[in-house]
Amino acid sequence: MLLFIDESGHDRCEMPCEVLAGVAIAEENLWNLVRAIRHAEQEHFGGYLRNLYSEEPKANKLLKAKRFKEAERDVEIGPEKCLLLANSLLQKGKSSKGKPTSNPTFLEIVAFSRKVLEFVDAVLDLAANFNVQVFASVVPIIAPRCEKNLLRKDYVYLFERYFYFLETLPRKEMGLIVFDELDKAQSHILMHQMAAYFLGTQTGRFRSSRIVPEPFFVHSDLTTGVFLADLAAYILGWGWRRSFMPERSRAELEPLARKLHAMQFKGEKPDEYCDQPRQLYGINYIDDLRGSSDKQ
1 MLLFIDESGH DRCEMPCEVL AGVAIAEENL WNLVRAIRHA EQEHFGGYLR
51 NLYSEEPKAN KLLKAKRFKE AERDVEIGPE KCLLLANSLL QKGKSSKGKP
101 TSNPTFLEIV AFSRKVLEFV DAVLDLAANF NVQVFASVVP IIAPRCEKNL
151 LRKDYVYLFE RYFYFLETLP RKEMGLIVFD ELDKAQSHIL MHQMAAYFLG
201 TQTGRFRSSR IVPEPFFVHS DLTTGVFLAD LAAYILGWGW RRSFMPERSR
251 AELEPLARKL HAMQFKGEKP DEYCDQPRQL YGINYIDDLR GSSDKQ
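Per this note's numbering, the sequence shown starts with residue 1, numbered consecutively.
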């Protein structure tokens with residue numbers, strides 16, 4: 001089992017929440033899902049986004065608020081023409097390498113925006129069809145922090161849910177972790193923190209029976225799984241809200257967030273305080289990143 005992980009909002013510049021998101025994909029489904037998403041790219045853009053888009057296709061660019069306003073312009077464009085116009089915009093952008101000189105037309109902008117939103121909706125449906133399990137830690141930007149040398153609580157919660165998901169699978173099924181590539185220094189810090197948690201704590205050692213503690217780092221622009229995790233992180237950061245959450249949201253992203261909510265892992269774990277198991281959900285709101293020792 002592969003868990004692709006990415007994060008959104010950690011620059012604390014725009015989003016009201018920081019989100020660490022993971023999508024678990026079975027090895028036997030991975031290539032078929034990749035092929036299905038590539039086919040969706042062809043259907044919506046007339047080619048692969050990574051080949052046509054002038055920059056890495058990230059959720060914060062694809063799903064920016066302006067995209068929805070552009071898609072809602074009161075102009076009728078037929079399906080075939082919409083595809084041609086969207087492809088034309090991408091070709092212009094590729095030729096100018098993303099510079100403003102590409103001069104897309106009004107119809108191209110509207111068509112591309114509509115195709116982007118249709119594509120993202122289709123990608124989430126494909127993920128659901130391939131039984132992708134969603135995990136996420138949603139953290140308000142004002143949440144208290146722990147010491148920087150410790151594995152963050154949002155990671156611990158994510159790995160806990162991943163572990164109990166793996167516990168529902170045959171014992172031979174091990175969990176691998178795949179991260180969006182960080183700079184080398186950040187990658188080393190994260191690897192040391194994970195090693196300290198999985199090898200240096202009792203709980204971590206227990207969970208390493210199902211999770212391989214050494215992660216893989218990949219280029220996000222070349223990896224469909226990380227692209228899915230990026231979509232999940234951004235959408236949940238803006239569109240997933242519980243009644244007790246005070247953070248502002250974007251209503252236009254809520255339908256996509258509901259699709260991710262339906263794909264989240266739902267399971268249980270033993271409760272040390274009673275005989276009844278405790279319910280677990282893949283998506284969690286964490287308002288304090290400190291552990292018990294940090295609060296003392």
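Glycine is no exception: its CB is placed at the ideal position from the N, C-alpha and C atoms. Remember, predicted model here, so these are calculated numbers, not experimental data.
- For the region 102-115 against the region 72-92, are there 3 or more C-beta pairs whose distance is under 8 Å? yes
- Task: State the CB to CB distance for the pair LEU166 and ARG210, rounded to an integer number of angstroms; the pair is presumed to be in contact (CB under 8 Å).
- Result: Here residue 166 refers to the residue found at position 166 of the sequence shown. Here residue 210 refers to the residue found at position 210 of the sequence shown. About 4 Å separates the two Cβ atoms, so the contact holds.
- Let me know if ARG12 comes out buried or exposed under the rule of 16 or more other beta-carbons within 10 Å of its beta-carbon. Stepping through the sequence shown from its first residue, residue 12 is reached at position 12. ARG12 should be labelled exposed.
- Please determine if the region 90-97 and the region 51-65 are in contact, where contact requires at least 3 C-beta pairs separated by less than 8 Å. yes
- Message: Taking the alpha helix (DSSP H) that VAL23 belongs to, which residues open and close that run?
- Response: Within the sequence shown, the letter at position 23 stands for residue 23. Element bounds for VAL23: not the alpha helix (DSSP H) but the beta strand (DSSP E), 17-25.
- Can you tell which of LEU176, MET174, PHE216 has the C-alpha that lies nearest to the C-alpha of LEU182? For the purposes of this step, residue 182 is taken as residue 182 along the sequence shown, with counting starting at 1. Measuring from the Cα of LEU182, the nearest candidate turns out to be PHE216.
- Quick one: grab the DSSP three-state call for ARG38. Here residue 38 is taken as the residue at index 38 of the sequence shown, counted from 1. Of the three classes helix, strand and coil, the one that applies to ARG38 here is helix, per DSSP.
- Distance, ALA195 Cα to GLU247 Cα: If you number the sequence shown from 1, residue 247 lands on position 247. If you number the sequence shown from 1, residue 195 lands on position 195. When rounded, the distance between both Cα atoms is 33 Å.
- Query: How many Å lie between PHE265 and ASN284 at the Cα?
  - Reply: By 1-based counting over the sequence shown, the position of residue 265 is 265. By 1-based counting over the sequence shown, the position of residue 284 is 284. Answer to the nearest angstrom: the Cα atoms are 11 Å apart.
- Message: Let's test the definition: count the other Cβ atoms within 10 Å of the Cβ of PHE305 and tell me whether it reaches 16, buried, or not, exposed.
- Response: Here the chain covers residues 1 to 296 and nothing more, so residue 305 does not appear.
- Message: Only counting the same chain, and skipping five residues up and downstream in sequence, which positions put a Cβ closer than 8 Å to that of ARG67?
- Response: Here residue 67 refers to the residue found at position 67 when the sequence shown is read from its first residue. So the qualifying residues of the chain are SER113, VAL116, LEU117.
- Exposed or buried, which one is THR304 when buried takes at least 16 other CB atoms within 10 Å? Residue 304 lies beyond the stretch modelled for the chain, which goes from 1 to 296, so this question has no answer here.
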